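So the sequence shown is numbered by my numbering: it starts at 138 and just counts up by one.
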Amino acid sequence: MRFKDIVGQRVLINQLTEVIDAGRVSHAQLMLGKMGYGTLALAMGYVQYLMCENRQHYGEGSELRADSCGECPSCKKIASLMHPDVHLYFPSISTTRVEKPCCAEYREDFVKFLLENNMYVNLNEWYAYAGAENKQGEYRAVDAMELIEEVARKSYEGREKVFILWMPENIRPQVANELLKTLEEPYEGTLIMLVGENADRMLETVRSRVQTTRVPRICDAGLPEEADGDYIVARRMKEESEDVEESKRMFVEWMRLLFKLKMAELSKWVESISRAGRERQKAFLGYVLDNMRRCFGQTAGGMAAGLKTGDERFDAMFPSMVTTRNVEQIYESVSDALVSIERNANPKVTFMHLSFQLSRYIKNR
Ligand SMILES: [Zn+2]
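Have a look at this one:
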């Protein structure tokens, strides 16, 4: 991942490349921010820049002061997630296919998942991809053992070794205890990079041993001029699938109901989404998030082609409802609803609550 391909975050990226150029890289770090802000993409960009054999520096007035080259063997291997010295760790889930889950069992799937989604991913999407129904993943003792062995081993290419631990919120105390020594003691040329969303849900013992970089909301950092409407979505939906057609219809209907706030009709709508399965509800909320991003890209970023629900009148009118004033509230309330659904919250309560929130935010645009 090159920094130029990340949505927004220019200020932070320039700070990061300066620190790397100055050789002041902490051996244990936490990149902290919602995944929708591009947190994992930034971590991958960071690693690629750190290990690039031909770092590019641009003149004054450029948006980015520097970037990885994207061409050298190291960049190419990292971009395809094939670099032997870049190790990925993540929560794994037991499924019918995998009885004793661990990173090693899922790494191939995880790599595919990240590449297909351009690093803009969240935990729910990963669980769905891995085929887990209503299950919570976690880090396993065997993952910690593997990591500790790899840290002690020589690097394959004779340069840096990097360990990316995605969503360290899911490290239990037992497993964390195994890792503390590794986090505490720097090994030469070794970087351990945690990439998480919520510091409050991480173990204090882990959090206190890493240097934290906070990833801001995209809109605070400004949108890149060159990004187009499709890129801001970053994860494109498969437009042809029936589910998406259904999502489009439901989205348009829902947003119209939120304007009118007719309780009887809104209750019916909530009733119908509540009857759908949890996976379907999560997919729908993911679609809503994508649409809100598209709308914001159009209104604030001047990007073309915001909504594509197929309802032309709606597509023309709705994007102006998502503005710099309400986009973060909208984004966070939908993300929170996704988490609630993931944690088996009552869907009726969740969608009704979200309806009231969205209705208010859209009116206060
Ligand atoms: Zn390079």
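Idealized CB from N, CA, C, for every residue including glycine. All figures in this text were calculated on a predicted structure; none of them were measured in a lab.
Delimiting residues of the beta strand (DSSP E) encompassing residue i
i: residue 329; result: 327 to 333
i: residue 298; result: 298 to 303
i: residue 165; result: 165 to 169
i: residue 147; result: No beta strand (DSSP E) contains residue 147, which is instead part of the alpha helix (DSSP H) from 147 to 158.
i: residue 351; result: 348 to 351
Per-residue burial, residue i [other beta carbons within 10 Å of its own, 16 or more giving buried]
i: residue 501; result: exposed
i: residue 295; result: exposed
i: residue 247; result: buried
i: residue 398; result: exposed
i: residue 338; result: exposed
i: residue 328; result: buried
i: residue 418; result: buried
i: residue 346; result: buried
i: residue 234; result: exposed
i: residue 195; result: exposed
i: residue 199; result: exposed
i: residue 219; result: exposed
i: residue 400; result: exposed
i: residue 360; result: Because residue 360 sits at a pLDDT of 42, beneath the cut-off of 50, its placement in the model cannot be relied upon, and the following sentence gives the value as read from the coordinates. When all chains shown are included, residue 360 counts as buried.
i: residue 309; result: exposed
i: residue 488; result: buried
i: residue 405; result: exposed
i: residue 402; result: exposed
i: residue 493; result: exposed
i: residue 154; result: buried
i: residue 323; result: exposed
Sequence-distant residues of the same chain with beta carbon closer than 7 Å to residue i, five excluded per side
i: residue 221; result: 293 and 294
i: residue 141; result: 201 and 204
i: residue 370; result: Low confidence applies to residue 370: its pLDDT is 42, below 50, so where it sits in the model is not reliable enough to give any reading.
i: residue 232; result: 267, 268 and 269
For residue i, the residue or residues it bridges with in DSSP
i: residue 246; result: In the DSSP output, where bridge partners are listed per residue, residue 246 has none listed.
i: residue 204; result: 193
Nonlocal neighbours in the same chain, by C-beta distance under 8 Å from residue i, ignoring five residues either side
i: residue 189; result: 205, 206, 209, 211 and 212
i: residue 161; result: none
i: residue 265; result: 416, 419 and 420
i: residue 496; result: 395, 396 and 398
i: residue 460; result: 433, 436, 437 and 502
Residues near residue i in its chain [Cβ-Cβ closer than 6 Å; skip 5 each side]
i: residue 443; result: 431, 432, 435 and 456
i: residue 191; result: 206 and 209
i: residue 389; result: 446, 448 and 451
i: residue 302; result: 226 and 331
i: residue 498; result: 463, 466 and 467
Run of the alpha helix (DSSP H) containing residue i, from where it starts to where it stops
i: residue 317; result: 310 to 321
i: residue 182; result: 176 to 188
i: residue 79; result: The first residue shown for the chain is 138 and the last is 502, placing residue 79 beyond what the model contains.
i: residue 474; result: 464 to 479
i: residue 498; result: 484 to 500
i: residue 343; result: 341 to 344
Note to self: To test your reading of the DSSP string, which unbroken alpha helix (DSSP H) runs of 4 or more residues are found completely within the stretch 390 to 460?
What the structure shows: Those alpha helix (DSSP H) runs which fall completely within the stretch 390 to 460 and span 4+ residues are 400 to 412, 415 to 436 and 449 to 454.
Check: What residue ranges within the stretch 206 to 285 form continuous alpha helix (DSSP H) runs of no fewer than 4 residues, ordered along the chain?
Finding: Taking only runs of at least 4 residues, the alpha helix (DSSP H) segments lying wholly in the stretch 206 to 285 are 210 to 216, 240 to 253 and 260 to 267.
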